[in-house]
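All remarks here apply to the structure that follows.
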Amino acid sequence: MAKHGKKYVEALAKVDRTKQYSVSEAINLAKEINFVKFDPTVEVSFRLNVDPRHADQQIRGAMVLPHGTGRSQKVLVITQGPKEKEAQDAGADFVGGKEILEQIKGGWFDFDIIVATPDMMGELGKLGKLLGPKGLMPNPKTGTVTMDVAKAISEIKKGKVQYRVDKEGNINVMIGKLSFNEEQLAENFKAIYDVILRARPAAVKGTYMKNVVLSTTMGPGIRVTGE
157 MAKHGKKYVE
167 ALAKVDRTKQ
177 YSVSEAINLA
187 KEINFVKFDP
197 TVEVSFRLNV
207 DPRHADQQIR
217 GAMVLPHGTG
227 RSQKVLVITQ
237 GPKEKEAQDA
247 GADFVGGKEI
257 LEQIKGGWFD
267 FDIIVATPDM
277 MGELGKLGKL
287 LGPKGLMPNP
297 KTGTVTMDVA
307 KAISEIKKGK
317 VQYRVDKEGN
327 INVMIGKLSF
337 NEEQLAENFK
347 AIYDVILRAR
357 PAAVKGTYMK
367 NVVLSTTMGP
377 GIRVTGE
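For the sequence shown, our numbering assigns the number 383 to the last residue and increments by one with no breaks.
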């Protein structure tokens, strides 16, 4: 088990591990116990009673947070023809076709998210082993395979987040920066919480959300009720 530093241990001591905090309590506690000298990311983790091996229990999608993420994302658009200018005009950081795919094959990953038009997915599919493990493969469910590249770029730049259940039944989503005020973080939390709640598969029996935890970069987890 990793040995934690003194400041982490001191922060952890202020968190009641047996308690489920309200969202506002959790946010205020996260601000109080923060010990890093940069503006940390705030993340929420959901532990769900789902079995992702079943297709009907694979929860995946994307949404724009009400107050964004506080993080600027570099968008790469893979397309060709007139759509290249549309992507450039919409503020894409990088735009191209097969020549950019060759750069990725060579190890270039100076971007955070890929948007692709459907006609390019055949070529992109060949890079599945490179892009898949990094979570970079575009997908229609998250709005990153689309002909409306301008809308996709706009949403990403406004603070769109993707969520996807992992094989253990967990979903981790960034909801902002600790410098956000309490109301902004609470509204972002509520937005993603409601989306995950509505995504409950019909096959799930009993408790759906086993655990919801709010945490910051390098900080301890704080259990929240979701209310």
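For every residue, glycine included, the Cβ atom is placed at its ideal position computed from N, Cα and C.
In this text, all values refer to a predicted model and were calculated from it rather than measured experimentally.
If Thr363 sits next to Asn205, beta carbons under 8 Å apart, how far is it from one beta carbon to the other, in whole angstroms?
6 Å
With Ala218 as the anchor, note down where its alpha helix (DSSP H) starts and where it stops.
Unbroken run through Ala218 is the beta strand (DSSP E), Arg216 to Val220; no alpha helix (DSSP H).
Can you name the start and end residues of the alpha helix (DSSP H) that Ala182 belongs to?
Val179 to Ile189
Any beta carbon from chain D within less than 8 Å of Ala243's own beta carbon?
The structure shown contains no chain D, having only a single protein chain.
Express the C-alpha separation of Gly288 and Leu257 in angstroms, rounding to a whole number.
14 Å
Given this structure, state the Cα-to-Cα distance separating Phe336 from Phe265, to the nearest angstrom.
29 Å
Arg354, DSSP secondary structure in three states
helix
In the structure shown, what three-state DSSP assignment does Gln236 receive?
coil
With the cut-off set at 8 Å, would you say His223 and Glu343 are in Cβ contact?
yes
Can you name the start and end residues of the beta strand (DSSP E) that Tyr319 belongs to?
It spans Lys316 to Arg320 - the beta strand (DSSP E) in which Tyr319 sits, taken as one unbroken run.
In DSSP terms, what Ile270 is bridged to
The partner list for Ile270 (beta bridge, DSSP) reads Leu232.
Write down the C-beta distance between Ile270 and Pro296 rounded to the nearest angstrom, noting that I regard them as a contact closer than 8 Å.
About 13 Å separates the two Cβ atoms, so there is no contact after all.
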